[in-house]
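Residue 1 is where the sequence shown starts when you use my numbering, and the numbers rise one by one after that.
Here a beta-carbon is modelled for each residue, glycine too, at the ideal position from N, C-alpha and C.
To start, the structure itself, in structure tokens.
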Amino acid sequence: MDNLNFIPEYPVIDCHMHPYLCSDRKFDFQVPESYSEFFSVQAAAGIKLSCGSFNERGAGLEAEKLYKCNERVLTVHREYPDSFYPGVNISPLLPEESCSEMEKFHRAGFNWVGEIAWYVMGYEKYSLPGMDLICDLAENLGMVINLHPSSLEDMDKLIGRFPKVNFVIAHPESSWGVMPTYELAVKHPNMYLDLSGSGLFRMGMLRKGIDMLGKGRILFGTDYPICNPAMNVAGVMFEKLSGDECRAVFRDNFLNLTGYKIS
1 MDNLNFIPEY PVIDCHMHPY LCSDRKFDFQ VPESYSEFFS VQAAAGIKLS
51 CGSFNERGAG LEAEKLYKCN ERVLTVHREY PDSFYPGVNI SPLLPEESCS
101 EMEKFHRAGF NWVGEIAWYV MGYEKYSLPG MDLICDLAEN LGMVINLHPS
151 SLEDMDKLIG RFPKVNFVIA HPESSWGVMP TYELAVKHPN MYLDLSGSGL
201 FRMGMLRKGI DMLGKGRILF GTDYPICNPA MNVAGVMFEK LSGDECRAVF
251 RDNFLNLTGY KIS
């Protein structure tokens, strides 16, 4: 697969994807059949490193399913160590098991939790008592928590309760629109955003977000293979950003949050 013409000159980091193959679930559109194909598509879009979790229906309710999800991403990393940074999956309904998994990933050098997705995993919100143990550990270990959006009220409550934990909220153009998401991030300096999912289809939304939050709080993400990875690459490049701002979004903000060293 040929590279796009509309990509930056340096390798991009995708902080939000999922290592799903067509054999994992029913997709209506094109999904890779192998990880070789998977990462070649990412590379064609200029993406050097991909980060994400494996979500399975009901895995927030059953420890064995949760362990299975986490072993899957570790296996992918072992096979593609230079292309994939695994995110650990957790559940507020399984706090002790989740903390054990977080410690395992942290020992292996990985500091990313999620994306965790309440609607897939089997719970309805994040601000549950079980998140206290998880967030306390995330604070102690310096781990970042990537959340699929719940309600503004639920995220406000969780993020405000743990001001020393860095939360990255996915899909800023959620059902309520991007501006309330930006306004919530203004309120909470420990709240970051990733650009996955709906993409930058609203012209100037990234420029507006950087103007409100600064260049250090928005990360590049795609939600591949659910979404087209090139869509957001081109979207970022088409916004009126400086070179430093582009590099922060595409690469540096992930490195700063995780401490990861990329070659």
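Might you give, ordered along the chain, the residues of its own chain that have their beta carbon closer than 8 Å to the beta carbon of residue i, omitting 5 neighbours on each side?
i	result
Glu-39	Position check: residue 39 holds Phe in this sequence, whereas Glu was assumed. Excluding residues within five positions, the ones whose Cβ falls inside 8 Å are Ser-50, Tyr-80, Ser-83 and Phe-84.
Lys-164	Glu-139 and Asn-190
Ser-34	Leu-21
For residue i and residue j, what's the separation of their Cα atoms in angstroms?
i	j	result
Lys-187	Pro-180	11 Å
Asn-228	Glu-139	33 Å
Phe-238	Tyr-182	20 Å
Phe-105	Gly-142	12 Å
Ile-134	Val-113	10 Å
Val-31	Pro-172	24 Å
Phe-167	Val-12	21 Å
Thr-75	Pro-86	9 Å
Ser-242	Glu-96	44 Å
Lys-125	Ser-100	21 Å
Met-102	Gly-221	22 Å
Please state whether DSSP places residue i in a helix, a strand or coil.
i	result
Met-176	Looking at the sequence shown, residue 176 is not Met but Trp. Residue state, collapsed to three classes: coil.
Asn-89	coil
Asn-276	The structure shown has nothing for residue 276, since the chain only spans 1 to 263.
Phe-250	helix
Cys-69	helix
Excluding the five sequence neighbours on either side, which residues of its own chain have a C-beta within less than 7 Å of the C-beta of residue i, listed in chain order?
i	result
Glu-245	Ile-210 and Lys-215
Leu-128	Pro-92
Leu-184	Leu-152, Met-155, Asp-156 and Met-191
Check each candidate in the options and name the one with the smallest Cα separation from residue i.
i	options	result
Leu-219	Met-203, Ala-234 and Leu-193	Leu-193
Glu-9	Gly-46, Val-31 and Pro-19	Gly-46
Ile-145	Ser-53, Leu-21, Pro-11 and Ala-63	Ser-53
Glu-56	Leu-200, Ser-100, Lys-125 and Asn-89	Asn-89
Leu-276	His-16, Ile-7 and Val-233	The chain is shown from 1 up to 263; residue 276 falls before or after that span and cannot be answered.
Arg-202	Tyr-119, Cys-69 and Val-178	Val-178
Hey, is residue i's beta-carbon within less than 8 Å of any beta-carbon in chain C?
i	result
Ser-98	Judged by its chain identifiers, the structure shown contains no chain C, having just a single protein chain.
Return the chain-ordered list of same chain residues with a C-beta closer than 6 Å to the C-beta of residue i, the five sequence neighbours on each side being excluded.
i	result
Met-1	Any answer about Met-1 is weak, because its pLDDT of 45 lies below 50 and its placement is not dependable; what the coordinates show is given next. Correct list, in chain order: Ser-40 and Ala-44.
Met-205	Val-178
Gly-272	The requested residue 272 is not part of the displayed model; the chain covers only 1 to 263.
Evaluate the contact criterion for the region 222–241 versus the region 252–259: three or more CB pairs, one atom per stretch, below 8 Å. At 8 Å Cβ cutoff, the stretches do not touch.
So does the region 60–68 actually touch the region 12–30, counting three or more Cβ pairs closer than 8 Å? Touching, no.
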